């Protein structure tokens, strides 16, 4: 029996246009009437989640790829970087002139370029970026840009005095091995090919979900999760039913129990009907 549902946001819960489909709204209203709990599991920060989903009532928010979990009443789990680990990330960003953002409880600060990249419009555009997009060339151009010349002052950002749960760096997939070697106490999670989310070692959406399930006395076997990108794989594998969106990455579909239609064509409602959760 499914007792809780978790959804990735971009490319899953929202259409490519950044909206909730009518079929999705109706489906979630029906499952909530049945007493099924509904939550999101996202790499997004709390402020952006609130803005994107202000019309949708939720029972739990798993944000920053599982590093910060909360309800409307309380914080259930908060795992920030240790100071030494965060210092190492900052040093790497400065040395390699990487655009990076730092995510705290109530805000995200850092690179002006990355702030643009975290916008809803940019996230939509990422879906259409070709695999051979010249990320390294773009990085070199950005380093010469007057718009970004203050990037070497990351270490002076006031936000670094707060607990930081996730860092978002402009970095090509080709640099992942080098980045992993430089930051051994971190995990790298991707929701697109241009930026990488950096979290404390062992962090994942699934870990955040487990915190909520323990609080509610729910078995992971009684959970259904929806996702479309690489940072959703652990979540889909670790619950009773993992659903990949039709627009999802091939690797994600390979680990799913069911592949539904896309986020633009009633994919969520279709999967819930397939498992006879809604009529």
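In my numbering, the protein residues as written are 5 to 283.
We put the CB at the ideal spot given by N, CA and C, even for glycine.
Quantities reported herein were computed from a predicted structural model and do not represent experimental measurements.
Asked	Found
Cβ-based burial, residue 21 [other Cβ within 10 Å; buried from 16]	exposed
Own chain residues within Cβ distance below 6 Å of residue 72, not counting five before or after	82, 169
Option nearest residue 77 by Cα separation, candidates 176, 84, 65, 86	65
Per-residue DSSP class, three states only, for residue 252	coil
Nearest-angstrom beta carbon gap, residue 93 and residue 202 [assumed within contact, 8 Å]	6 Å
Reduced DSSP secondary structure (H/G/I, E/B, other) of residue 217	helix
For residue 229: DSSP bridge partner residues	10, 246
Candidates 230, 97, 187, 270, of which the one nearest residue 210 by Cα	230
Reference residue 254; option with closest CA among 59, 277, 232	232
Cβ-Cβ distance between residue 99 and residue 161 below 8 Å	no
Beta strand (DSSP E) segment containing residue 204, residue limits	199-204
Within 8 Å, strictly: CB atoms of residue 195 and residue 251	no
Residue 105, DSSP secondary structure in three states	strand
Nearest-angstrom Cα separation, counted from residue 37 out to residue 206	35 Å
Per-residue DSSP class, three states only, for residue 67	strand
Extent of the continuous beta strand (DSSP E) to which residue 114 belongs	112-114
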